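For reference, each letter of the sequence shown is one residue, going 12 to 490 in the working numbering.
Just so it is clear, CB atoms sit at the ideal spot from N, CA and C, and this is done for glycine as well.
Source: prediction; values computed, not measured.
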Amino acid sequence: MAAQTLDERINSLSSLVDELSQDQEKYEPLVTLVDSVPNLLKLDQILSSFKKKSRDLKEQLKANKALIKATKDNLNTYEDRAKRELEMATIKRDKENRILGTRLGNVENSFKQLSIDNQVVLKTLEIQIKEEVCGVVQHVEDELTEQQKDFKAKLATNQEEIKKYKARLLETSKKAAEELKQYEEVHGARIQKMQKEGKGNDPNQAKGRENMKNWLVQEVTTRLENAVQQCHIKYEQRFKSLNLKYNEELLSLRAEVEQVRDSILNKGVKPAERPETQLEFNNENARRLINHVAAFSASSLDNLLEIAMTIAENIEEIGNSQSEAEEILAFKENIKGLKESLANLETRIDADLYNIQESLRKAGISAKEFAKPNEKVREEIAKTQRLMKEGDLNKANIKNKVGKVGEEISEIEKRMFTLARQKGLSIREEESPPAAVQPQNKQNKNEEEEDSVDMGSSDEESSVKISSSEDISSEEDLD
Numbered sequence: 012m013a014a015q016t017l018d019e020r021i022n023s024l025s026s027l028v029d030e031l032s033q034d035q036e037k038y039e040p041l042v043t044l045v046d047s048v049p050n051l052l053k054l055d056q057i058l059s060s061f062k063k064k065s066r067d068l069k070e071q072l073k074a075n076k077a078l079i080k081a082t083k084d085n086l087n088t089y090e091d092r093a094k095r096e097l098e099m100a101t102i103k104r105d106k107e108n109r110i111l112g113t114r115l116g117n118v119e120n121s122f123k124q125l126s127i128d129n130q131v132v133l134k135t136l137e138i139q140i141k142e143e144v145c146g147v148v149q150h151v152e153d154e155l156t157e158q159q160k161d162f163k164a165k166l167a168t169n170q171e172e173i174k175k176y177k178a179r180l181l182e183t184s185k186k187a188a189e190e191l192k193q194y195e196e197v198h199g200a201r202i203q204k205m206q207k208e209g210k211g212n213d214p215n216q217a218k219g220r221e222n223m224k225n226w227l228v229q230e231v232t233t234r235l236e237n238a239v240q241q242c243h244i245k246y247e248q249r250f251k252s253l254n255l256k257y258n259e260e261l262l263s264l265r266a267e268v269e270q271v272r273d274s275i276l277n278k279g280v281k282p283a284e285r286p287e288t289q290l291e292f293n294n295e296n297a298r299r300l301i302n303h304v305a306a307f308s309a310s311s312l313d314n315l316l317e318i319a320m321t322i323a324e325n326i327e328e329i330g331n332s333q334s335e336a337e338e339i340l341a342f343k344e345n346i347k348g349l350k351e352s353l354a355n356l357e358t359r360i361d362a363d364l365y366n367i368q369e370s371l372r373k374a375g376i377s378a379k380e381f382a383k384p385n386e387k388v389r390e391e392i393a394k395t396q397r398l399m400k401e402g403d404l405n406k407a408n409i410k411n412k413v414g415k416v417g418e419e420i421s422e423i424e425k426r427m428f429t430l431a432r433q434k435g436l437s438i439r440e441e442e443s444p445p446a447a448v449q450p451q452n453k454q455n456k457n458e459e460e461e462d463s464v465d466m467g468s469s470d471e472e473s474s475v476k477i478s479s480s481e482d483i484s485s486e487e488d489l490d
């Protein structure tokens, strides 16, 4: 019991000590407050400040709690939202890609269709131009053929008239022979006496060994043959002139066709940039021009030379009478036309040769762009080179031929003026530019090198060739 009482007293004392210590701690702020009595007057302000800061801190704490809650919610839903946004972005991108692919396909189809339409339009234009030009060429050919037929018909009519005139002359000569026979019967003794005395029946006494009958028949026959020969010569000259004009017109028309075709190919649809395509294009153009020069220009030179030689022969055969001498004036116009034709032909030949060299140069450049030219390309190049050599179409040779024709025409013109002066005709010599260049004795080495340019080929060769057998008519029609 005593122990229990002691414990209670000890516990009571410890409780009292604890209370005292708590009271000490409780009243320590008051002691501190008493120590800071000078600052007691500012307690209201400090309290108000503490309250305000407390409210601000509470508001900030509330906002921070809301922000923390929102952040937690965002963190919890971030993965789902990211997946949804990624799926939506993927769907949108796929949709846009499909739309873009469709649009690109439409653009590509539009370009393809535009290219096809351009090719169709180009082909249509080319066909229309070819049809129109062929129609023009055919019209010109028909007109020239019709003119030739009319000329042949007129010639046939003239020949018939000449035959009738010859028949009348023969009939008249027969009548004259009968009259002469009657005259000889009546005056036979007188005629024999004159023959014994050495006097002939020739009025000019130039053929005393022939009687009047033989002289008259011979004179009529000679004049008739001369008239027929003159008709034949004039017809031949006219025929060759028409043939030359026909070839010139045909050459001009075909050249215009090719120029239109080249302008369409160069401006409408340009050839592909591949070397092999450019090689074929330029090689075909070169062959076409070579055929032009070989088929038309060379034959035109031959025709000009033939006409010049015919004029020269006619000038030599002109007699001494005044009527025949006046024909020289007509020859002057013919020679002037020959010089103009030769000048035009020379201009066309120069242009064609330049275009040939340009096409060969481009073809050579395209051929060199091949890394490994195959045998077919080499063979086509060799064909074009052989075509140039066989046609003898280098610039020096062509100019030589043109120069020879020009010299021949100039020589004929000199003979014409000389003959005119001899016959007392006043013909003014007009100064005109030379019809052609002088022939070259030494060929230019650079021009020969230009003809050996490496060039490409094409599988199709130009077919612009007209043989000499396709002229308007042969000389056999003159008989």
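Tell me which same chain residues have a C-beta within less than 7 Å of the C-beta of residue i, skipping the five on either side of it?
i, result
"ALA297", "ILE367, SER370, LEU371, ALA374, THR395, MET466"
"GLU419", "LEU316, ALA319"
"LYS103", "none"
"ALA81", "none"
"TYR89", "none"
"LEU24", "none"
Using 8 Å for Cβ pairs, my map puts residue i next to residue j. What's the rounded Cβ distance?
i, j, result
"LEU300", "ALA378", "No, LEU300 and ALA378 are not in contact; Cβ-Cβ is about 18 Å, not under 8 Å."
"LEU315", "VAL416", "6 Å"
"ILE376", "ILE409", "Rounded, the Cβ-Cβ distance is 24 Å, inconsistent with contact."
"LEU349", "LYS412", "Contact flag wrong, Cβ pair sits at about 15 Å."
"ILE173", "VAL239", "6 Å"
"LEU235", "LYS177", "5 Å"
"ILE322", "ASN302", "About 30 Å; that fails the 8 Å criterion."
Looking at the C-beta of residue i, does it have a partner C-beta in chain D at a distance below 8 Å?
i, result
"ARG109", "No chain D is present in this structure, which holds just one protein chain."
Give the secondary structure of residue i by DSSP, where H, G and I count as helix, E and B as strand, and everything else as coil.
i, result
"ASP462", "Confidence at ASP462 is low in this model, with a pLDDT of 42, below 50, so its placement is unreliable and the value that follows should be read with caution. Note: ASP462 maps to coil in three-state DSSP."
"GLN216", "Residue placement at GLN216 is flagged as unreliable, the pLDDT there being 46, under the threshold of 50; the coordinate-derived value follows with that caveat. In this structure, GLN216 counts as coil in the three-state DSSP scheme."
"GLU19", "helix"
"SER25", "helix"
"GLU30", "helix"
Between residue i and the rest of its own chain, which residues show a CB-CB distance below 8 Å, the 5 nearest in sequence each way excluded?
i, result
"ILE326", "ILE339, PHE342, ILE423, ARG426, MET427, LEU430"
"ASN169", "CYS242"
"GLU442", "With a pLDDT of only 47 at GLU442, under 50, the local geometry of the prediction cannot be trusted, and no value is derived from it."
Closer than 6 Å by C-beta to residue i: which residues in its own chain qualify, once you throw out the five before and the five after it? Chain order, please.
i, result
"TYR246", "LEU166"
"PHE61", "none"
"ILE57", "none"
At a threshold of 7 Å, does residue i count as lining the ligand ATP (C-beta to nearest heavy atom)?
i, result
"ASN293", "Absent from the structure shown: the ligand ATP. Ligands present: none."
Review point. Can you list the beta strand (DSSP E) stretches of 3 or more residues lying completely in the stretch 139-209, in chain order?
Key: None, since the stretch 139-209 contains no complete beta strand (DSSP E) of that length.
Practice item. Would you check if the stretch 347-358 and the stretch 425-435 touch, i.e. whether three or more CB-CB distances between them fall below 8 Å? Key: No, the stretch 425-435 does not touch the stretch 347-358.
Exercise for review: Go through the stretch 71-143 residue by residue and report every complete run of the beta strand (DSSP E) that reaches 3 residues or more, in order.
Suggested key: Segments of the beta strand (DSSP E) lying fully in the stretch 71-143: there are none.
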